[in-house]
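Residue numbers (the numbering used here), protein chains in the order written: chain A, 1417 to 1771; chain B, 132 to 606.
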């Protein structure tokens, strides 16, 4: 046995470790430089894109030429970030740029890739392909959930309008991310989504119903009332609460809210109280006042806010509760009135000034 | 005796080779996993999508015991996070200082009826407080019951479908919750998600957020910075693809609330309650014939203060080690049991051999070397394998620092990198033997049945404040 082998090992190990330490410093410096370079190029790409999108045609032509020579990946990245936030002329110019800069081909190639990650990365750019391109919507039925979610999230409003049924189907997807993305896409549409949503709410029984109801809250339309009334009597607390919230703007018969005030679920009681405030249902003021003694803080708080929203009638009811036997009702009334008075005081000095 | 010495040298050399190979395998697995996650989350669509108020509700659980120094800025920072559907549940766990008064004053809290479903038994709750200005904040005042009990009380009160357990002194990155929620949305079996924790001792601040992260100047903190990077970036990430993650840091982790309630919440009386919970979640799922996914996301999501004194660090490390031993003893039936999948067959045996037996092996090795040198049984040249072992570990640290630099650019100045090169050397030569000694101390306390946490000094982050005491966190 000689110590030669371990000594040789030690020498090599020491050299390798020192080399790694030096590499760390070197790679760090190179990385700093490449980051600085990338930031510089990105700045130029951003500036050129701004010129293309918001300036005159001559300047845009020159900037477009420069963009065609810029690193494609950076341009695609920037385009992707901008695409979702643009509309009108700027959106049209961006689409034109994507065509003239030869970006359609790389986008299509990526969308057809076998690697789901590549498809997922490019899914949001599908909307920049010309109208009628089948790839724009094929990703909604992609086998991978992340691609489906990204595709739904990246849909243009016009695409959403044309494919509301497909999107409502996605509300029942196995993967929550896809349901969430489909819901967010549906929220971007106006009343044109109502018939499909109504059909889904009447027939749907799966997990997607809750998500569809949330869309209905943000898409107030009287055509949804019968379906919403159905869900206001559902077994599920959350569904009942969302249905009441969605029904509130259309209520003529207050029975839905009155039933909601005595619902076993605090979530439903709070929602009913909030809805009463939202529609200023003064005739329900006394009943809302009774909710100031509710065992749930959220219900008491919503009741207080609802009474404030009801104006003088609500304020009168709140003042009456300042002497309530229940200390928590008394406290909530005090809190709400104090907050209201503080707001009035904050506004009052500004209104006394003149010119 | 020289034959015995030579045998010992060859044995140690073999151990080094195995250790280097194991580290290399973990490193490769971590790099592959890192690439997969980075590709999946490369674009910012998730973050934009999760800016919707309809995003899943998250309740942040903040247990606070004698945290008067840090609690105000910490809660303000949490309420300033960009996540749209948020609730912050602070539990004053029988503090003896003015933690509760500070909360009440800072956020103008009002007492409310303590009505909630006690799905997990806890020490009695004295009062609930709410803020009329910010309905997202709820404060629970309860009798002291320890960190696990405080977290359970917070779970009872929480209204979110996801809960995020953090330490009162953890600083959360502005978009951290968006990143942590993504795995829950893409994979139904996900029950817990953890992220990388960074040290914040030397950082400049702006608007309650970290502006620039500098390499620590203090040697002990610097050694911990290197250790944290290695532990999070390789140690945890490498377990992701084989489903062997057993630790979500107590300083910041997100859980599916119903899964947490189903297993009875955090275990009282366990010093390693964060690891214990994960092991129990996995165990329960396997026993139901299901699979629970615990995912680690490599992005830096939270920052915490590292102990800068030997005394505090010693307490922390021996507590962590007692926690590990506690988990291994409680769940000993899982070890090597194929019924529990990768957790039973890979992760727990790894923790038993590499993490629990390591101090014994390393301590015995160091003691043998010292005795051998003193008795003249070993020539200095024969220590080469031991030196190779330390160099290999040092090389692993540098590899992790390179990976961290390329992927996250945590430290962006050459002087910070030079400092970290030095900290890595200090970590191997001084910090590592110290850690072994603290673990042996922890082993002794564990065998004596000691389960207390011990006090931990805090300076507070913004602005630096006088010393206080806290229950501390875990890596």
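Glycine is no exception: its CB is placed at the ideal position from the N, C-alpha and C atoms.
Cβ neighbour criterion (16 or more within 10 Å) applied to residue i
| i | result |
| --- | --- |
| residue 520 (chain B) | buried |
| residue 1473 (chain A) | exposed |
| residue 569 (chain B) | buried |
| residue 418 (chain B) | exposed |
| residue 440 (chain B) | exposed |
| residue 407 (chain B) | buried |
| residue 1678 (chain A) | exposed |
| residue 1732 (chain A) | exposed |
| residue 526 (chain B) | buried |
| residue 195 (chain B) | buried |
| residue 431 (chain B) | buried |
| residue 1647 (chain A) | buried |
| residue 354 (chain B) | buried |
| residue 482 (chain B) | buried |
Through-space distance from residue j to residue i, alpha-carbon basis
| i | j | result |
| --- | --- | --- |
| residue 1510 (chain A) | residue 1516 (chain A) | 10 Å |
| residue 456 (chain B) | residue 574 (chain B) | 8 Å |
| residue 1592 (chain A) | residue 319 (chain B) | 7 Å |
| residue 1628 (chain A) | residue 249 (chain B) | 31 Å |
| residue 310 (chain B) | residue 1594 (chain A) | 16 Å |
| residue 420 (chain B) | residue 413 (chain B) | 11 Å |
| residue 1715 (chain A) | residue 191 (chain B) | 22 Å |
| residue 1636 (chain A) | residue 1652 (chain A) | 22 Å |
| residue 451 (chain B) | residue 402 (chain B) | 7 Å |
| residue 1758 (chain A) | residue 188 (chain B) | 31 Å |
| residue 211 (chain B) | residue 273 (chain B) | 26 Å |
| residue 1621 (chain A) | residue 373 (chain B) | 36 Å |
| residue 502 (chain B) | residue 571 (chain B) | 19 Å |
| residue 484 (chain B) | residue 1710 (chain A) | 56 Å |
| residue 1495 (chain A) | residue 1543 (chain A) | 11 Å |
| residue 161 (chain B) | residue 1639 (chain A) | 54 Å |
| residue 394 (chain B) | residue 329 (chain B) | 30 Å |
| residue 1458 (chain A) | residue 1482 (chain A) | 12 Å |
| residue 428 (chain B) | residue 367 (chain B) | 9 Å |
| residue 1750 (chain A) | residue 449 (chain B) | 51 Å |
| residue 1657 (chain A) | residue 1684 (chain A) | 5 Å |
| residue 1675 (chain A) | residue 1681 (chain A) | 11 Å |
| residue 1514 (chain A) | residue 1582 (chain A) | 27 Å |
| residue 546 (chain B) | residue 345 (chain B) | 9 Å |
| residue 1580 (chain A) | residue 325 (chain B) | 36 Å |
| residue 601 (chain B) | residue 279 (chain B) | Note that residue 601 (chain B) has pLDDT 38, beneath the 50 cutoff, so the model's placement of it is unreliable and the number below is only indicative. Going by the C-alpha atoms only, they are around 14 Å apart. |
| residue 1756 (chain A) | residue 1577 (chain A) | 43 Å |
| residue 434 (chain B) | residue 300 (chain B) | 9 Å |
| residue 438 (chain B) | residue 580 (chain B) | 25 Å |
| residue 476 (chain B) | residue 559 (chain B) | 30 Å |
| residue 1559 (chain A) | residue 1589 (chain A) | 11 Å |
| residue 1787 (chain A) | residue 1660 (chain A) | As displayed, chain A neither begins before 1417 nor continues past 1771, which places residue 1787 (chain A) out of reach and without an answer. |
| residue 1643 (chain A) | residue 1688 (chain A) | 18 Å |
According to DSSP, residues forming a beta bridge with residue i
| i | result |
| --- | --- |
| residue 194 (chain B) | B:222 |
| residue 217 (chain B) | B:189 |
| residue 427 (chain B) | B:325 |
| residue 434 (chain B) | B:302, B:329 |
| residue 243 (chain B) | B:259 |
| residue 334 (chain B) | B:344 |
| residue 383 (chain B) | B:297 |
Distance cut-off 6 Å: residue i Cβ against heavy atoms of the ligand FAD
| i | result |
| --- | --- |
| residue 265 (chain B) | Looking for the ligand FAD in the displayed structure turns up nothing, as the structure carries no ligands at all. |
TODO: Take every Cβ of the stretch 1552 to 1572 of chain A, pair it with every Cβ of the stretch 1595 to 1603 of chain A, and state whether three or more of those distances are shorter than 8 Å.
DONE: Yes, the stretch 1552 to 1572 of chain A touches the stretch 1595 to 1603 of chain A.
TODO: Counting only runs of 4+ residues fully inside the stretch 258 to 322 of chain B, write out the alpha helix (DSSP H) ranges in chain order.
DONE: Fully enclosed alpha helix (DSSP H) runs of 4 or longer: 278 to 288, 307 to 317.
Open item on the list: Using a Cβ distance threshold of 8 Å, determine whether the stretch 1446 to 1456 of chain A contacts the stretch 531 to 541 of chain B, with at least three qualifying pairs required.
Closed with: The stretch 1446 to 1456 of chain A vs the stretch 531 to 541 of chain B: in contact.
TODO: Mind listing, in chain order, the continuous alpha helix (DSSP H) runs of no fewer than 4 residues lying wholly within the stretch 438 to 473 of chain B?
DONE: DSSP assignment within the stretch 438 to 473 of chain B yields the following whole alpha helix (DSSP H) runs of 4 residues or more, N-terminal first: 441 to 461.
Open item on the list: For the structure I just gave you, are there three or more beta carbon pairs, one from the stretch 301 to 317 of chain B and one from the stretch 508 to 522 of chain B, closer than 8 Å?
Closed with: No contact exists between the stretch 301 to 317 of chain B and the stretch 508 to 522 of chain B.
Open item on the list: Taking 8 Å as the cut-off, does the stretch 259 to 272 of chain B touch the stretch 236 to 248 of chain B (at least 3 CB pairs, one atom from each stretch)?
Closed with: By the criterion of at least three beta-carbon pairs nearer than 8 Å, the stretch 236 to 248 of chain B is in contact with the stretch 259 to 272 of chain B.
Task: Cβ contact check for the stretch 345 to 365 of chain B and the stretch 292 to 311 of chain B: 3 or more pairs under 8 Å - done: Not touching, per the Cβ criterion.
Task: the stretch 1743 to 1758 of chain A contacting the stretch 1701 to 1719 of chain A, beta-carbon criterion three pairs below 8 Å - done: Between the stretch 1743 to 1758 of chain A and the stretch 1701 to 1719 of chain A there are three or more inter-stretch CB-CB distances shorter than 8 Å, so the stretches are counted as touching.
Open item on the list: Could you tell me which whole alpha helix (DSSP H) segments of length 4 or greater appear in the stretch 339 to 365 of chain B?
Closed with: Whole alpha helix (DSSP H) segments, 4+ residues: 350 to 361.
Task: Three-pair Cβ contact test at 8 Å for the stretch 266 to 280 of chain B versus the stretch 213 to 220 of chain B - done: The stretch 266 to 280 of chain B is in contact with the stretch 213 to 220 of chain B.
Open item on the list: I'd like to know if the stretch 1724 to 1733 of chain A and the stretch 1693 to 1701 of chain A are in contact, where contact means that at least 3 CB-CB pairs between them fall below 8 Å.
Closed with: Verdict: yes, contact present.
- [ ] Check whether the stretch 455 to 473 of chain B touches the stretch 526 to 535 of chain B, taking contact to mean three or more Cβ pairs, one atom from each stretch, closer than 8 Å.
- [x] Because the criterion of three Cβ pairs below 8 Å is not met, the stretch 455 to 473 of chain B and the stretch 526 to 535 of chain B do not touch.
Open item on the list: Which runs of the alpha helix (DSSP H) at least 4 residues long sit entirely within the stretch 1429 to 1476 of chain A? Give them in chain order.
Closed with: Whole alpha helix (DSSP H) segments, 4+ residues: zero.
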